[in-house]
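Encoded as structure tokens, the structure appears first; notes follow it.
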Amino acid sequence: MSKTIRLTMAQALTRFLSRQMTEIDGNKIPIFGGVWAIFGHGNVAGIGEALYQVRDELPTFRAHNEQAMAHAAIAYAKANFRRRFMAATSSIGPGALNMVTAAALAHVNRLPVLFLPGDVFANRIPDPVLQQAEDFSDGTATVNDCFRPVSRYFDRITRPEQIIPALSRAMQVLTDPAGCGPVTLSLCQDVQAEAYDYPESFFAERVWHQRRPRPDRYELAAAVAALKGAKKPLVIAGGGVLYSQASDELAKFAEGAGIPVCETQGGKSSLPDDHPLNMAAVGVTGTSAANRLAEEADVVLAIGTRLQDFTTGSWALFKNSGKTIIGLNVQPFDAGKHRALPLVADAAEGLAELGAALKGWKAPSTWTANAVTGKKAWQVEAAKVTASTNAAYPSDAQVIGAVQRAMGSGVTLLHAAGGLPGELHKLWQAGAPGSYHAEYGFSTMGYEIAGGLGAKMAKPNEEVVVMIGDGSYLMLNSEIATSVMLGLKLTIVLLDNRGYGCINRLQMATGGANFNNLLKDSRHEVLPDIDFAAHAASMGAIAEKVPSIAGLENALAQAKKNTRTTVLVIDTDPLVSTDAGGHWWDVAVPEVSARPQVNAARKAYDEKRQMQTIGE
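Below is the structure:
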């Protein structure tokens, strides 16, 4: 009979997590970087006490907001290319529900994170406990059921021995390149404290390695045949290129075949911006260089991308009626989208085998040369919109130019939601793989500062620059204090356009009146005059409001020397965005309106919809 050890369920859980390892660059390290925790009555006595016992092997970090701590955990996994990840635990009720938004973010972006929310008593004796939401028709329902649709795997632990299969299944999901995403283990609070004789073998150290499936020979043959017949081939690099760490293979493939490459939001930095075949951003927020090629391409090799509407211009971007899409993706669900020829494989393995099979074949030189010429033209346009200015209210693009000049391409640039993702996707000149960190899969306002904290934890020796608008800042800024507390320096550039400038521009573009987006257009008695620098300073940051683009560049030079988080605030113009590049995006306009502006926008909308390829 195997040896056993008597532990509470929570103790077994934390001991198990501390014994899971991975190997990176030949070094064996813990696969869990730690646990984010905000304790309440539903987890402090159970998992809280258990975490204390393993605090040296499995560090616990305290945050100020449950959603924010989960964002930090997710950003940590993204910055680690999914090779390492974290857990997040909360009490029941609002603490747990605060993490559901983050779970959806991780689900959409295919990122691993382990959620450990407390839950009601399994024995039902003290029902209803504090924070329990009672369902009048279902005695088994709890608020944690909200995690089900946004978790790759969900389990409710109602007996202590259930944690054994649950944790094994959790690790399979968290480390599976195709099924990767959030796992939720809902921990009944009485069961957390119940003891069980666990087999010692359950706690044996295990080293997890990245699985790299190779392509099926028939799918590979079909993809090779399609590429060999191509006259205007194009590669779209998605986030899967980065998660596979396939940047070198991508460069080798593109250079060998002379195929231009464009990048999604998730895939940006797959190639350095200065690579001659990198056409940069594609789609709604794409460059003219990339989108012009996408319109003409007869074969599109889509690598590690979900092909969502921002990438495809709501399926109006690819105008070649005879085009073929090849979906190189580790996830079959994505590989076969839009009637693509599926090539189910790890990105690095798939590119290597494609390159070997295509050896000696190159795209027509006129196509490659045309791409290089188009990129040079785009760079001229980009330089114009990012150039320095003396304007009292600079554009987002001009602020981006200042940050680029002051900080260079060697930093990790992090952002999410609003107008910045569109401008940064077009204009930021990324350097090393993973140096461009966008959360645009779920477009979550409030991810930025917490995400910056998580990225800094993954890259403690690198400069992490967070760019954020005033709207996102006001939604979630509490982890500035956590970054100061943990000694994890961020440089935060806060662009204040006094409202939700991006959505205001979209509202105007669809014929809407300026309404409820900018502060001045919202119902108010007094317009708020928020001192963001003073607010950030109150949480321990070095903070300054800069008067100009030149002042921002000077302040950024000083921020490099600072030893703690620095917040730099600059006023910007809410109405200006970059006209160059970009593509139409399907945002439905009302068919009937009393306003002629809306009717005109609807007419234009109906005309644009004719560009969409139905059935793809």
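According to this note's numbering, the sequence shown is numbered sequentially starting from 1.
Even for Gly, the Cβ is constructed at its ideal location relative to N, Cα and C.
Member of the options whose CA lies at the smallest distance from the CA of residue i
| i | options | result |
| --- | --- | --- |
| glycine 258 | Asn278, Gly46, Gly240 | Asn278 |
| lysine 426 | Arg169, Pro94, Ser472, Asp396 | Asp396 |
| alanine 104 | Leu351, Gln20, His64, Cys180 | Cys180 |
| glycine 266 | Phe253, Asn65, Phe310, Ser577 | Phe310 |
| alanine 223 | Val300, Thr158, Val207 | Val300 |
| leucine 97 | Leu414, Asp127, Asn65 | Asn65 |
| arginine 82 | Leu519, Leu174, Ile47 | Leu174 |
| tyrosine 196 | Arg156, Arg6, Val129 | Arg6 |
| valine 569 | Arg148, Leu552, Leu575, Asn562 | Leu552 |
| leucine 116 | Ala133, Ser137, Gly42 | Gly42 |
| valine 576 | Ile614, Ala302, Ala509 | Ala509 |
| leucine 420 | Cys502, Met99, Asp176 | Cys502 |
| aspartate 119 | Lys228, Arg292, Asp145 | Asp145 |
| glycine 217 | Ala357, Phe154, Ser91 | Checking the sequence shown, residue 217 turns out to be arginine, not glycine. Among Ala357, Phe154, Ser91, the Cα nearest to that of arginine 217 belongs to Ala357. |
| serine 244 | Ile29, Ala537, Asn320, Arg214 | Arg214 |
| serine 409 | Ala363, Leu453, Glu462 | Glu462 |
| glutamate 23 | His209, Arg62, Thr101, Tyr605 | His209 |
| valine 531 | Leu494, Asn554, Asn320, Asp56 | It is aspartate, not valine, that sits at residue 531 in the sequence shown. When each option's Cα is compared against that of aspartate 531, the closest is Leu494. |
| phenylalanine 333 | Asn320, Pro126, Leu317, Leu307 | Leu307 |
| lysine 78 | Asn390, Val150, Gly239 | Gly239 |
Extent of the continuous alpha helix (DSSP H) to which residue i belongs
| i | result |
| --- | --- |
| proline 117 | Proline 117 -> not in any alpha helix (DSSP H); beta strand (DSSP E) instead, spanning 113-119. |
| asparagine 599 | 596-609 |
| aspartate 342 | At residue 342 the sequence reads proline, which differs from the aspartate that was named. From DSSP, proline 342 is part of no alpha helix (DSSP H) but of the beta strand (DSSP E) over 341-344. |
| arginine 15 | 9-18 |
| tyrosine 447 | 447-458 |
| proline 421 | 420-427 |
| lysine 252 | 247-257 |
| glycine 327 | No alpha helix (DSSP H) contains glycine 327, which is instead part of the beta strand (DSSP E) from 324-329. |
| isoleucine 163 | 163-175 |
| leucine 354 | 347-357 |
| proline 433 | Careful: proline 433 lies outside any alpha helix (DSSP H) and carries neither H nor E. |
| glutamate 295 | 288-296 |
C-beta contact flag for residue i and residue j at 7 Å
| i | j | result |
| --- | --- | --- |
| glutamate 544 | alanine 559 | no |
| alanine 237 | serine 270 | yes |
| isoleucine 549 | alanine 406 | no |
| isoleucine 449 | valine 466 | yes |
| glycine 355 | phenylalanine 253 | yes |
| serine 472 | methionine 445 | yes |
| threonine 184 | phenylalanine 136 | no |
| methionine 86 | glycine 34 | yes |
| threonine 264 | threonine 305 | yes |
| leucine 518 | leucine 527 | no |
| glycine 336 | proline 342 | yes |
| proline 199 | serine 2 | yes |
| threonine 412 | lysine 489 | no |
| threonine 8 | alanine 193 | yes |
| tryptophan 367 | lysine 232 | yes |
| threonine 578 | valine 399 | no |
| alanine 177 | arginine 211 | The sequence shown places proline at residue 177, rather than the alanine named in the question. Their beta carbons are under 7 Å apart, which means proline 177 touches arginine 211 by this criterion. |
Start and end residues, beta strand (DSSP E) containing residue i
| i | result |
| --- | --- |
| threonine 368 | Where threonine 368 is concerned, there is no enclosing beta strand (DSSP E), although the alpha helix (DSSP H) it sits in stretches over 365-386. |
| serine 186 | 182-188 |
| alanine 37 | 32-37 |
| cysteine 502 | Cysteine 502 -> not in any beta strand (DSSP E); alpha helix (DSSP H) instead, spanning 501-509. |
| aspartate 155 | 153-157 |
| histidine 437 | 436-439 |
| alanine 302 | 299-303 |
| histidine 275 | Counting along the chain, histidine 275 falls outside any beta strand (DSSP E), and DSSP gives it neither H nor E. |
| valine 261 | 261-263 |
| aspartate 197 | 195-199 |
| histidine 415 | 412-416 |
Whole-angstrom C-beta distance between residue j and residue i, which should lie under 8 Å
| i | j | result |
| --- | --- | --- |
| glycine 511 | glutamine 597 | 4 Å |
| alanine 281 | alanine 290 | 6 Å |
| alanine 88 | alanine 73 | 5 Å |
| glutamate 353 | leucine 220 | 6 Å |
| alanine 122 | valine 44 | Wrong, their Cβ atoms sit about 18 Å apart, outside the cutoff. |
| serine 186 | isoleucine 157 | 7 Å |
| histidine 415 | isoleucine 468 | 7 Å |
| tyrosine 447 | alanine 481 | 17 Å between Cβ atoms; not a contact. |
| threonine 312 | glycine 286 | With a Cβ gap of about 10 Å, threonine 312 and glycine 286 do not count as contacting. |
| aspartate 571 | aspartate 496 | 5 Å |
| asparagine 109 | phenylalanine 442 | 7 Å |
| valine 372 | proline 272 | No, valine 372 and proline 272 are not in contact; Cβ-Cβ is about 15 Å, not under 8 Å. |
| alanine 316 | tryptophan 584 | 6 Å |
Item to complete: Any chance you could list the beta strand (DSSP E) runs of at least 3 consecutive residues sitting entirely within the segment 204-239, in chain order?
Response: Counting only runs of 3 or more, we get 206-208, 233-237.
Discussion item. Please give the ranges of any beta strand (DSSP E) in the segment 548-587, keeping only runs that are unbroken, at least 3 residues long and fully inside the region.
Written reply: Runs of the beta strand (DSSP E) lying entirely within the segment 548-587, each at least 3 residues long, are 566-571 in chain order.
Worksheet item: Which runs of the beta strand (DSSP E) spanning at least 3 residues fall entirely within the segment 461-494, listed in chain order?
Response: Complete beta strand (DSSP E) runs here, min 3: 464-469.
Worksheet item: Whole alpha helix (DSSP H) runs in the segment 48-107 with 4 or more residues, listed along the chain?
Response: Listed in chain order, the complete alpha helix (DSSP H) runs (minimum 4 residues) inside the segment 48-107 are 49-53, 66-79, 94-97.
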